[in-house]
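Q: For the sequence shown, the working numbering begins at 29 and goes up steadily by one.
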Amino acid sequence: MKLRILSLFFILLLLIPAFAFADGSRAVIANCKEYVTLRKSASSKAAGEIRMPLGEQVTVLERMKNGWAKVRYFDRTGYVPDKYLAPWKETAYTPRKSASGYPVYCGNYGTAKHIEDRTVVVAIFADDATTHWDLSKTADQKLQLRNRFNLSVGCTWLTEQTRRYRSDPGGFVWDWLEHSDLYYTHTFTEDIIHGVNNRQVTNAIVGYIHENIPSRKLLEEYGADSIIYNVYLNAPNSQDYRSWTNAVLYNAVEPDKYVPEFCVIVPYGRGRENNPATLAHEMLHCFGAYDLYETNPSSSIPQKYVNYLMSHKPNDLMNRCYFSASDIVTVEFSEVDAYYVGLTDTCAAVKKWGLGPTIFQRWPAN
Ligand SMILES: [Zn+2]
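#1: Tell me whether Cys314 counts as near ligand 1, meaning its Cβ is closer than 7 Å to at least one heavy atom of that ligand.
#2: In chain order, what residues of the same chain have a beta carbon less than 7 Å from the beta carbon of Arg79, not counting five sequence neighbours either side?
#3: Quick one: which unbroken beta strand (DSSP E) runs of 3-plus residues sit fully inside the region 294-327? Chain order, please.
#4: In three-state terms, what does DSSP make of Ser254?
#5: Going straight from the alpha carbon of Gly129 to that of His238, what length do you get?
#6: Across the region 325-337 and the region 191-204, are there enough close Cβ pairs to call them in contact, namely three or more that are closer than 8 Å?
#7: Looking at the unbroken beta strand (DSSP E) that takes in Gln85, where does it start and where does it end?
#8: Any chance you could list the beta strand (DSSP E) runs of at least 3 consecutive residues sitting entirely within the region 147-234, in chain order?
#9: List the whole-angstrom C-beta distance separating Tyr212 from Ala151, where the pair is believed to meet the contact cut-off of C-beta under 8 Å.
#10: Nearest CA to the CA of Leu89: which residue from Cys60, Val56, Lys61 and Asp51?
#11: Per DSSP, Gly76 is paired with what?
#12: Near Asn347, which residues of its chain fall below 6 Å by C-beta distance, leaving aside the five closest residues on each side in sequence?
#13: Glu77 to Cys314, Cα distance in whole Å?
#14: Using 7 Å as the cut-off, classify the Cβ of Asp14 as near or not near the heavy atoms of ligand 1, replying yes or no.
#15: Any heavy atom of ligand 3 closer than 7 Å to the beta-carbon of Cys349?
#16: To the nearest angstrom, how far is it from the Cα of Gln389 to the Cα of Tyr318?
#17: Can you tell me where the alpha helix (DSSP H) with Ile57 in it begins and where it stops?
#18: From Leu247 to Tyr257, what distance separates their C-alpha atoms?
#19: Candidates Ala70, Ala114, His340 and Ile221: which alpha carbon is nearest Asn59's?
#20: What does DSSP give as the partner residues of Tyr260 in its beta bridges?
#21: Is Asp319 near ligand 1, going by C-beta to nearest heavy atom under 7 Å?
#22: Given Phe361, which residues of its chain have a CB within under 7 Å of its CB, disregarding the five upstream and five downstream residues?
#23: What residue range is occupied by the uninterrupted beta strand (DSSP E) comprising Arg348?
#24: Using a threshold of 8 Å, state whether the C-beta atoms of Pro288 and Val181 are closer than that.
#25: So Asn343 is in the beta strand (DSSP E); what residue range does that whole segment cover?
#26: Cα-Cα, which of Tyr112, Phe153 and Arg91 is closest to Val56?
#27: Residue range of the alpha helix (DSSP H) that Lys245 falls in?
#28: How should Ala154 be labelled, buried or exposed, when 16 other C-beta atoms within 10 angstroms of its C-beta is the threshold for buried?
#29: In terms of residue numbering, what span does the beta strand (DSSP E) encompassing Arg100 cover?
#30: In terms of residues, what are the limits of the alpha helix (DSSP H) holding Val364?
#31: If you reduce the DSSP assignment to three classes, tell me which class Leu383 lands in.
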């Protein structure tokens, strides 16, 4: 008898939904193989809006009576069966110590806000589990200076492109030889070079920045509004490695959170030596520019536009991720790039190709 009650209890447990979502709560996509389709109405027969990959974050707007939920995924709203939702857990970095004044308020746009304002660029020369700088060696000294040259040319180029839209851009404070407080070295225990966009790696870098770099002080000292952190790794020349960026545009925004926007810079991309265009490309992500050579569910770029660019091979800086040494003088800062970093409100391609909103339109400052 006791056993029967107990088993009844367990059966009941199974019947009760594992998690009751309150309206407005966050949830993640779960219990699927790869993705769940966001649908236009609460029925599996309804037209699909967009694919939401496993683990992506959504906001539950309303729970329907038929076992579906109305959710928001980035700028899209639609319906998904309850069973594909799991409770969202706080996995973001929590500081181990709070160094007063170190974090900066990021608002909706991360630490790199508007490209027309002045930006501080912090250099972090980092070792990780498998890569190492030996700055007593000439080769590594040269590589470090090569990074400095690329950054210099990249920042100047970005400033000149901004000047086409704004008469008085604030430019970049970047030179760590001139300003020693922009230069850091650190040894990460994580395997950063093999962890492109890996959450644990991202949190390790965010944590380091949070605890060790006096960001607010640097902004005040240089009269700047934005700050970007470049993490330079001394990785070997391998097809496996490329530079990447952690920027707000590919993440759901949590306005009260400290969201440092950082670029991980490696010396070679697809066997080519790193160059100014790579630096400019990665840093432009921090200001809101999307990759144009591919799309993904959290991008505003439709596949048909990517296909069009691929067949027409435009020289857009964001249409590639590997560059030749001289590319910075030939690549284009297009009207689409200008639109996505907020220098214009719209452009011809937005209407023609149905380009999605910019970060400034998605998350207006309040
Ligand atoms: Zn990119």
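Where is the CB? At the ideal position from N, CA and C, for every residue including glycine.
A: Judging by the given coordinates:
#1: no
#2: Tyr63, Thr65 and Pro325
#3: none
#4: Note: Ser254 maps to strand in three-state DSSP.
#5: Bear in mind that a pLDDT of 44 at Gly129, under 50, signals an unreliable position, so the number given afterwards is only what the model happens to contain. Taking the straight line from one Cα to the other gives about 10 Å.
#6: no
#7: Gln85 to Arg91
#8: 147-155 and 211-215
#9: 7 Å
#10: Closest in alpha carbon position to Leu89, among Cys60, Val56, Lys61 and Asp51, is Asp51.
#11: Its beta-bridge partners are Arg67.
#12: Leu320, Tyr321 and Leu337
#13: 27 Å
#14: Not covered by the structure: residue 14. The range shown for the chain is 29 to 394.
#15: Absent from the structure shown: ligand 3. Ligands present: ligand 1.
#16: 14 Å
#17: It is not in any alpha helix (DSSP H) - Ile57 instead sits in the beta strand (DSSP E) that spans Arg54 to Ile57.
#18: 13 Å
#19: Ala114
#20: Phe153 and Ile293
#21: yes
#22: Gln189 and Leu345
#23: No beta strand (DSSP E) holds Arg348; DSSP gives it neither H nor E.
#24: no
#25: Where Asn343 is concerned, there is no enclosing beta strand (DSSP E), because DSSP gives it neither an H nor an E.
#26: Considering only alpha carbons, the answer is Tyr112.
#27: Ser243 to Glu249
#28: buried
#29: Trp96 to Tyr101
#30: Val364: member of the alpha helix (DSSP H) spanning Glu363 to Tyr368, first to last residue.
#31: coil
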